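Residue numbers (our numbering), protein chains in the order written: chain X, 1 to 434; chain B, 1001 to 1301. Note that beta-carbon positions come from the ideal geometry of N, C-alpha and C, so glycine has one too. Please read these numbers as outputs of a predicted model, since none were measured by experiment. See structure below.
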Amino acid sequence: MNKLWLIIQREYLTRVKKRSFILATLLTPLAFMVFFVVVGFIFSYESGDKLRVAIVDEQQILDRPIPPEERLDFTFVDEPFEQLVEDIDQSEYDVIIKVPKVKNIKVKKFSAYYHSKKQLGLDMHNKIGDRISDRIRKYKMQQLELKEDQLESLNTSVTLIKENDEGESTFASIIGAGIGGVMGFVMYITVFIYGMMVMRSVMEEKTNRIVEVMISSVKPFQLMMGKIIGVGGVGLTQVIIWSILIPIGYFLVGIFFGFDTSQMSSIPTDAPAIDAQEAQDMVAQVRQELGNKNWWGIFPLFLFYFLGGYFLYASLFAAVGSAMSDDLGESQSLTLPITIPVILALYIMMVVVTTPQSNLAIWSSIFPLFSPIVMPARLAFSPPVWQIIVSMLVLAGTSIFFVWLSARIYRVGILMYGKKVSFKEIGKWLFYKD
Amino acid sequence: MGILQIENVTKTYGKHTAVNNVSFDMPEGSIFGLLGPNGAGKTSLIRIITTITRADQGSVYLGGEKLNSSHPSQIGYMPEERGLYKKMKVGDHLLYLAQLKGMSKTEAKTKIDHWFEKFEIQDWWDKKVEELSKGMQQKIQFISTVVHEPKLLILDEPFSGLDPINTNLIKDEIHELNRKGISIIFSTHRMEQVEEICEHIVLINKGQNVLEGKVKEIKNQFKDNLFKIEYEGSLPANILDDVKIVKQSEGAITIQVPEEKQSNQLLQRLLAQGVFVHSFNEILPSLNEIFIKKVGEVNAF
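Take a look at the structure:
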């Protein structure tokens, strides 16, 4: 036990003290901050100078005037369109638009024609189009003698509320999907990065030839477990630091650069403008949903699946690392059988987030090679308790079994040099006596 | 009773028998040569002694006690395939390995300081292993093997990669440790080193013990009663009955006598004849010759 602790300490400390670890741990959130800033700039970027738009509205159907905007200035002009177009290079206007007559009040498609000094950007194209569309709508309303509030009252927003469940709404499932997706993805990343780290480190010890020195003092099992636990600790440290620093960075960017960081997640170009009241309601609802989640239940479970999944895969990676020589091609063919289920689990997780009660979701969250990634994604949807228990038991059992299995491969593999290793060969190792 | 007893030890890997019913007794406080050609089963045997693997059959006793999990801390093992963590600091690395052998941190620190002083490398503590030359790393490796003051030291090709100066340094250390009562197993292919260092040897071939005993006795056992005489003057025509001349040159002759004791008669007669004898030496076979002979013999089957 004492020796195991020494090994864990060394494996943990040598990694955490490494410059590359410190840099990666601190620079990643910084990189995210830079990313937020860049994305913020991109979203708030608006091209060019003010555009002067001349509108030739011969039929006088547009309501006047159109109020000027930040980068748009509308002027109604009575001169003939052709004349204006001819003089465009000398005129103060950048764009000249001709609005033809609306022949039929029921027309749904309408075209206006323009000439411009330079190419119009897509955003301007849309903006100008929107203004004209607004005015035509008003014109139609006048013609049909409709009032704004009458039209308003035609829109009814319907929310489906399930009554036989405690307050689960569609909103809850959207948030559940979000949380689940993030959790599953974090699991995927950590299992992969740190599992690979274990494998590389085992390989290094073997090619370094320190391994025989080590196992004349400690049992191969202690060496393997010490490494797995030590690297796991490094992973937890990094994930915890990131999960604190990245949100801080996100908010700092929001404060110092004044970007509305919420823009980045949803792109509200064509969506109907949400008024302030509605937005407030939504924030409140998100808060409530987040509050409704049983975090004290979810976090320990999340930790359990993290540990289970990590031990399961890291021990397999350790076994493969022990069997490898420094031949890279060979190493790839040996890791493939481990990486395939991890990647499959990620894809299943993506589907499961949208259909958390499907058969696929249920069975893949019990199957131990997938459950560490799929089940955390389902937790936010409050799956039935029996499924969680079965899944946990299966995962715990399988993890222990895989650790045992890997230890048997490991103890032989680390002392095997210069032999090309096949799966058949590895299979034989399982039955070697100590 | 010996420090190490090997009794009918057998170890197989799959279909391959690496160690086949090997027995020997290693006297306490001796330097013991474990010899054998490549693939003879030396490393497999050492791995059993160091508790890395377990014997399928037979038993191993260390200090009269059946091998158990408390023994690794009493053994220092320098494998032929050895290495260190390249990125670790030399001092930390030695501390780590010493602690894994069961020493406390303070105790280990004192001992390491002592060794650093001895090798005059006090300023190495904060150096990274990868900054050291191969020879320097070997020194560190040696310290790591002996720092916990083992009862039994196992050195597998300890001089490979060392220059003559460092070889002598380590050789002196081996002898000093041995004087302190530490028993040492010395495994190598270099027979001249075995002759120089070891008192006892065991020769293993194809997993089996083919020769065992004191170096002196083994040499006597394999000798051909050859004598080399360097002289001045002329030899009598007939030196002795049944003497076979093996080699003759100006002022030197190598002869074989049928019986060892006849060498005295021979010398007497030469002196009586007035031959001026510069030297009179018995030629013993080198371990190298014995090794080749023994291994060849077994392989001929």
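For residue i, which residues from the same chain have a beta carbon less than 8 Å from its beta carbon, with the 5 sequence-adjacent residues on both sides left out?
| i | result |
| --- | --- |
| X/Trp242 | Thr25, Thr28, Pro29 |
| X/Glu82 | none |
| B/Leu1267 | Val1277, Phe1280 |
| B/Asn1020 | Thr1010, Gly1041, Lys1206, Gly1207, Gln1208 |
| B/Tyr1231 | Gly1251, Ala1252, Ile1253, Leu1270, Val1275, Phe1276, Val1277, His1278 |
Measuring straight from C-alpha to C-alpha, what distance separates residue i and residue j?
| i | j | result |
| --- | --- | --- |
| X/Ile267 | X/Thr207 | The predicted model places X/Ile267 with a pLDDT of 41, which falls under 50 and marks its position as unreliable; any figure quoted below should be read in that light. Approximately 51 Å, taken between the alpha carbons. |
| X/Ile55 | X/Met141 | 21 Å |
| B/Gly1161 | B/Glu1131 | 17 Å |
| B/Val1194 | B/Glu1081 | 20 Å |
| X/Ile373 | X/Ala177 | 14 Å |
| B/Trp1125 | B/Gly1091 | 4 Å |
| X/Ser358 | X/Met350 | 13 Å |
| X/Lys117 | X/Pro67 | 22 Å |
| X/Ser315 | X/Lys17 | 24 Å |
| X/Gln119 | X/Thr339 | 50 Å |
| X/Val253 | X/Val37 | 6 Å |
| B/Leu1095 | X/Lys3 | 13 Å |
| B/Glu1192 | B/Glu1157 | 13 Å |
| B/Ser1070 | X/Phe381 | 52 Å |
| B/Gly1207 | B/Lys1294 | 14 Å |
| B/Thr1110 | X/Val320 | 40 Å |
| X/Gly180 | X/Ile348 | 12 Å |
| B/Ser1249 | B/Ile1229 | 11 Å |
| X/Val353 | X/Leu369 | 18 Å |
| X/Val85 | X/Arg131 | 21 Å |
| X/Trp386 | X/Lys109 | 57 Å |
| B/Lys1139 | B/Ile1170 | 8 Å |
Does residue i pass the burial test, meaning 16 or more other C-beta atoms within 10 Å, or should it be called exposed?
| i | result |
| --- | --- |
| B/His1093 | buried |
| X/Phe256 | exposed |
| X/Tyr194 | buried |
| B/Phe1142 | buried |
| X/Ser265 | Model confidence at X/Ser265 stands at a pLDDT of 47, short of 50, so the residue's coordinates are unreliable; what they give is reported in the following sentence. Exposed, because fewer than 16 other Cβ atoms sit within 10 Å of the Cβ of X/Ser265. |
| B/Arg1179 | exposed |
| B/Asn1205 | buried |
| X/Thr269 | With a pLDDT of 42 at X/Thr269, under the threshold of 50, the modelled position of that residue is not reliable, and no figure is offered here. |
| X/Met282 | exposed |
| X/Arg135 | buried |
| X/Phe423 | exposed |
| B/Lys1011 | buried |
| X/Gln143 | exposed |
| B/His1148 | buried |
| X/Thr355 | exposed |
| X/Leu122 | exposed |
| X/Leu415 | buried |
| X/Arg378 | buried |
| B/His1114 | exposed |
Quick one: what's got a C-beta closer than 6 Å to residue i's C-beta in the same chain, skipping five residues either side?
| i | result |
| --- | --- |
| X/Gly413 | Ser322, Ala323 |
| X/Arg408 | Leu430 |
| X/Val421 | Ala323 |
| X/Ser371 | Ser365, Ser391, Leu395 |
| B/Thr1167 | Phe1159 |
| B/Glu1282 | Phe1227 |
| B/Pro1236 | Gln1273 |
Output needed for residue i: all residues of its chain with C-beta closer than 7 Å, excluding positions within five of it in sequence on either side, in chain order.
| i | result |
| --- | --- |
| X/Ile228 | Val198, Phe311, Ala314, Ser315, Ala318 |
| B/Lys1219 | Leu1284, Pro1285 |
Just checking: is the beta-carbon of residue i within a distance shorter than 9 Å of some beta-carbon in chain A?
| i | result |
| --- | --- |
| B/Gln1265 | No chain A appears in the structure shown, which is made up of the protein chains X and B. |
| request: Could you pull out every unbroken alpha helix (DSSP H) segment of at least 4 residues lying fully inside the stretch 361 to 400 of chain X, listed in chain order? | output: 371 to 379
| message | Any C-beta of chain X within less than 9 Å: which residues of the stretch 1010 to 1027 of chain B qualify? | response | Of all residues in the stretch 1010 to 1027 of chain B, Lys1011, Thr1012, Tyr1013, Gly1014 have a Cβ within less than 9 Å of some Cβ in chain X.
| When you check each C-beta in the stretch 209 to 221 of chain X against every C-beta of chain B, which residues fall closer than 9 Å? | Arg209, Ile210, Val211, Glu212, Val213, Met214, Ile215, Ser216, Ser217, Val218, Lys219, Pro220
| said: Report the start-end ranges of each beta strand (DSSP E) in the stretch 1049 to 1125 of chain B that is 3 residues or longer and not cut off at the edges. | reply: 1057 to 1062, 1075 to 1078
| task | Quick one: which residues of the stretch 1 to 29 of chain X get their C-beta closer than 7 Å to a C-beta of chain B? List them in chain order. | result | Lys3, Leu6, Arg10, Thr14
| field | Residues of the stretch 1191 to 1209 of chain B with Cβ closer than 9 Å to any Cβ of chain X, in chain order | value | none
| said: Residues of the stretch 1034 to 1057 of chain B in Cβ contact with chain X at a cutoff of 7 Å, in chain order, please. | reply: Correct list: Thr1050, Ile1052, Thr1053, Arg1054, Asp1056.
| task | Determine which residues of the stretch 1081 to 1109 of chain B have a Cβ less than 9 Å from any Cβ of chain X, and write them out in chain order. | result | Answer set for the stretch 1081 to 1109 of chain B: Glu1081, Arg1082, Gly1083, Leu1084, Tyr1085, Lys1086, Lys1087, Met1088, Asp1092, Tyr1096, Leu1097, Gln1099, Leu1100, Lys1101, Gly1102.
| Residue ranges of each alpha helix (DSSP H) run of no fewer than 4 residues wholly in the stretch 199 to 247 of chain X, ordered along the chain? | 211 to 215
| task | May I ask you to list, following chain order, the residues of the stretch 1149 to 1178 of chain B that have a beta carbon less than 8 Å from some beta carbon of chain X? | result | Listed by position, the residues of the stretch 1149 to 1178 of chain B near chain X (Cβ gap below 8 Å) amount to none.
| field | Chain-ordered residues of the stretch 1062 to 1073 of chain B with a beta carbon less than 7 Å from chain X | value | Pro1072
| field | Whole runs of the alpha helix (DSSP H) within the stretch 9 to 86 of chain X, excluding any shorter than 4 residues | value | 19 to 44, 81 to 86
| query | the stretch 399 to 431 of chain X: which residues have C-beta closer than 8 Å to a C-beta of chain B, in chain order? | reply | Leu415, Tyr417, Lys428
| request: Using a Cβ-Cβ cut-off of less than 7 Å, list which residues of the stretch 1213 to 1235 of chain B approach chain X; keep chain order. | output: none
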